[in-house]
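Under my numbering, the residue at position 207 of the sequence shown is numbered 884, and the numbers go up by one with no gaps. We put the beta carbon where it would ideally sit given N, CA and C, even for glycine. Treat the numbers as computed from the prediction; the structure is a model and nothing was measured. Let me begin by presenting the structure, written as structure tokens, before commenting on it.
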Amino acid sequence: MLLRDSSSLGDRVKDAIIHMIMTEEFENNKLPSESKLAERFGVSVAVVRDALLLLREECVVTKKHGSGNYFHRSALENAARVDQFRGFMKLVEGQGYKATDSVSPARIIKPDERMQRILKLGPEEDIVYCERTIFADGNKAIHCSNYLPRRHFKRQPTEEDLKKSLFTVFEELFLKELAYGQLSFLPYLAKPEDEEKIGIREGCPVILMEEVYYSLGDIPMAFSGNLFNDDYITVSILTR
678 MLLRDSSSLG DRVKDAIIHM IMTEEFENNK LPSESKLAER FGVSVAVVRD
728 ALLLLREECV VTKKHGSGNY FHRSALENAA RVDQFRGFMK LVEGQGYKAT
778 DSVSPARIIK PDERMQRILK LGPEEDIVYC ERTIFADGNK AIHCSNYLPR
828 RHFKRQPTEE DLKKSLFTVF EELFLKELAY GQLSFLPYLA KPEDEEKIGI
878 REGCPVILME EVYYSLGDIP MAFSGNLFND DYITVSILTR
């Protein structure tokens, strides 16, 4: 099978291997040798090794030296993985719900001391602040509080702009290209205002995930605080 596409050949081979894993049976979950995979997909062994490296980083494949590459369907079937974050709508849909969302009108605010520190802002700089709620079958599942420094925007964002996923906002409206994000999970007890936001009573434990996104130049570009209603959402991270 020759793979021809404008995207990265390594990514294409990775996707082809995933399809093979999910649709074919192999003894002891062991993949064919790298040379046989290269022959099957019509690429070099080096490209196959790049694809397998990507899969190892995602815990889908484990390489045992002197034995070969072994795959784990369980890693592919885990819909709650936030280490492979693709957006909250996908996270909700992956857990079997119909995902919808609503976004509050954006407003301009001044950063508090914590936001100044995290986003490296001066006290007089403005932040575009908006809230987004993601629903699972009509029930409040995730509430996002997004803080986006105004100076990073190409233009003043509209309400329609901010109804899009945060990743789309980054791609379409930010002056600088994003490089990566840091995710932190923190202990959190619901406050009185959180019952309206996420449907959890005051004092109940809630999953809190905080995200900070950085540019290629290592400048903090955005902060998001996200509350999860664990009646509808579970999250997991795969590690070695």
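query                                                                                                                                                         : result
With a threshold of 16 other CB atoms inside 10 Å of the CB of Tyr824, please say whether the residue is buried or exposed.                                   : buried
Give the secondary structure of Asn705 by DSSP, where H, G and I count as helix, E and B as strand, and everything else as coil.                              : helix
Using 8 Å for Cβ pairs, my map puts Ser822 next to Ser901. What's the rounded Cβ distance?                                                                    : 7 Å
My output table needs one value for Ser685: the three-state DSSP class, helix, strand or coil.                                                                : coil
DSSP three-state call for Ala856: helix, strand or coil?                                                                                                      : strand
Should Ile811 and Val769 be called a contact, given that it needs their Cβ atoms to be closer than 7 Å?                                                       : yes
If we ignore side chains and look at the alpha-carbon of each, how far apart do Gly876 and Leu843 end up?                                                     : 23 Å
Classify Lys713 as helix, strand or coil using the three-state DSSP reduction.                                                                                : helix
Go through its chain and collect everything with a Cβ distance to Leu753's Cβ below 8 Å, but skip five positions before and after it.                         : Ile695, Ile698, Met699, Val737
Out of curiosity, what's the CA-to-CA distance linking Ala867 and His742?                                                                                     : 48 Å
To the nearest angstrom, how far is the alpha carbon of Pro709 from that of Arg791?                                                                           : 52 Å
Whose CA, out of Glu808, Ala776, Ile785, Arg828, lies closest to the CA of Lys797?                                                                            : Arg828
Have a look at Phe847, Ala856, Tyr774 and flag the residue whose alpha-carbon is nearest the alpha-carbon of Asn816.                                          : Tyr774
Closest by CA to Lys840, which one among Glu808, Tyr857, Arg832?                                                                                              : Glu808
Using a Cβ-Cβ cut-off of 7 Å (strictly less than) and excluding sequence neighbours within five positions of Arg784, which residues of its own chain qualify? : Tyr806
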